[in-house]
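What follows is a short report on a single structure.
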Amino acid sequence: MKTEFLYKYPKTMLNKGTGFLSGYSHSLNPYTGCSFGCSYCYVRQMPVSLFRKAEWGTWVDVKKEAAGVFQKEYQKAKAKGPVTIFMSSSTDPYQPIENREQITRSLLKIMSCDPPDFLLVQTRSPLVRRDIDLLLQLGKHVRVSMTIETDLEEIRKHFSPYAPPIAARLKTLQLLAEAGVPTQATIAPILPSSDRFAEILRPLVTRVCVDDYFMGDGSGGKRTRNLGVDALYKQLGLEEWYHPTAYRKVYEQLKQHFSEDQIWISQQGFEP
Ligand code: SF4
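In structure tokens form, the structure reads like this:
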């Protein structure tokens, strides 16, 4: 899918953590829009997407000179009290164009000099490995949460054809862990997977988060229903996976390879 890039000069970078992110003082989005354009993305139903004429996934606003704006807000926020940041809530901070623009890297540089109380980096992109040097400087104040919704590449292609391949995400988790960066595998939203999924994750992480549309889209599954994602399951004859109890299948499998305190369900798994 072709992405149109617009260059914007943001007035603010830090937003208050609300709703699903109420455990965080702030959320931080280095970009607006997302070239991965996942079919099930709940941001499609949010004003940021609805007010644009172009389809979600086809445009990305690059926040130029974000670091200067962020630095001022960050210092002010730190002076007021604990700062916990979720990066990112309505984009992936490792957009393909981040390779060139380095907006996310510029924000990490600021945080690595004076770490926040906690930073969650939520991504599905292998590009995060580029920033291992800065992530290490953040020490225990950071966790990289890598989205891996399934172990099956054909399922990934069906639901999010423009997102990075599963094998590259698994490899990235391995590299981050070997380097000593705190990580988790985030199976969210749960997509149809094989019986080997938990076994594949076992050597790579000590923390797994499981979430689905019904618990995690902020509307009990309504936003996802409005997107018509159920049709994608029907096309594959896998409707049983589009159900509030489907996550139990993966949860039970995970329990055979992880201890219960290593498995986190929905919102808890994203908390600082
Ligand atoms: S990567 Fe995240 S923000 Fe981007 S389209 Fe997919 S779900 Fe939405």
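Numbering-wise, the working numbering comes out as the position in the sequence shown, counting from 1, plus 374. All C-beta atoms, glycine included, are put in the ideal place defined by N, C-alpha and C.
Between which residues of its own chain and residue i is the CB-CB distance below 7 angstroms, once the five residues before and five after are set aside?
i, result
"serine 669", "For the chain, the structure presents residues 375 to 646; residue 669 sits outside this window and is missing."
"glutamate 472", "Thr478, Leu501"
"alanine 441", "Ser480, Leu481, Ile484"
"valine 422", "Thr406, Ser464"
"valine 624", "Ile561, Ile564, Ser567, Phe571, Val584"
Any heavy atom of the ligand SF4 inside 7 angstroms of the beta-carbon of residue i?
i, result
"arginine 498", "yes"
"serine 534", "yes"
"aspartate 591", "no"
"cysteine 408", "yes"
"alanine 537", "yes"
"cysteine 412", "yes"
"valine 417", "yes"
"glycine 611", "no"
"glycine 648", "Only positions 375 to 646 of the chain appear in this structure, which leaves residue 648 out of reach."
Which residues bound the alpha helix (DSSP H) around residue i?
i, result
"valine 422", "421-424"
"methionine 461", "Unbroken run through methionine 461 is the beta strand (DSSP E), 458-461; no alpha helix (DSSP H)."
"alanine 440", "440-454"
"threonine 546", "540-553"
"threonine 598", "596-601"
"tyrosine 381", "First-last for tyrosine 381: 378-382, but that is the beta strand (DSSP E), not the alpha helix (DSSP H)."
"tyrosine 607", "604-610"
"glutamate 571", "The amino acid at residue 571 is misidentified as glutamate; the sequence shows phenylalanine. Where phenylalanine 571 is concerned, the enclosing alpha helix (DSSP H) stretches over 571-575."
"arginine 474", "472-475"
Should residue i be counted as a contact of the ligand SAM given a C-beta to heavy atom distance under 7 angstroms?
i, result
"threonine 465", "The model depicted lacks the ligand SAM and carries the ligand SF4 instead."
Residues in its own chain within less than 8 angstroms of residue i by CB, not counting five upstream and five downstream?
i, result
"valine 555", "Ile506, Leu509, Leu510, Val516, Val518"
Just verifying my parser: in three-state terms, what is the DSSP assignment at residue i?
i, result
"asparagine 389", "strand"
"cysteine 487", "helix"
"histidine 400", "strand"
"serine 519", "strand"
"isoleucine 637", "strand"
"phenylalanine 632", "coil"
"valine 502", "helix"
"alanine 559", "strand"
"leucine 494", "strand"
"threonine 406", "strand"
"aspartate 525", "coil"
"tyrosine 468", "coil"
"glutamate 645", "coil"
"threonine 337", "What the structure shows of the chain is the stretch from 375 to 646, and residue 337 is not part of that stretch, so it cannot be assessed."
"glutamate 429", "coil"
"serine 567", "coil"
"leucine 395", "helix"
"glycine 411", "coil"
"valine 624", "helix"
"tyrosine 416", "helix"
If you drop the 5 nearest sequence neighbours on each side, which residues of the same chain put their C-beta closer than 6 angstroms to that of residue i?
i, result
"glutamate 613", "Tyr607"
"aspartate 591", "Tyr416, Arg597, Thr598"
"methionine 589", "Ser640"
"isoleucine 637", "Val582, Leu628"
"lysine 450", "none"
"tyrosine 381", "Val436, Lys438"
So the beta strand (DSSP E) residue i belongs to, where does it begin and stop?
i, result
"aspartate 591", "Taken as a continuous stretch (DSSP letters only), aspartate 591 belongs to no beta strand (DSSP E), as it is neither H nor E."
"aspartate 435", "433-437"
"valine 584", "582-584"
- Is the region 568-585 touching the region 614-632, taking contact as three or more C-beta pairs under 8 angstroms? yes
Any 3 or more C-beta pairs closer than 8 angstroms across the region 472-483 and the region 416-424: no
| query | Given 8 angstroms as the limit, is there contact between the region 393-401 and the region 455-469, that is, 3 or more CB pairs closer than that? | reply | yes
Open item on the list: Could you check whether the region 521-535 touches the region 558-566, counting it as contact only if at least three pairs of C-beta atoms, one from each stretch, sit closer than 8 angstroms?
Closed with: yes
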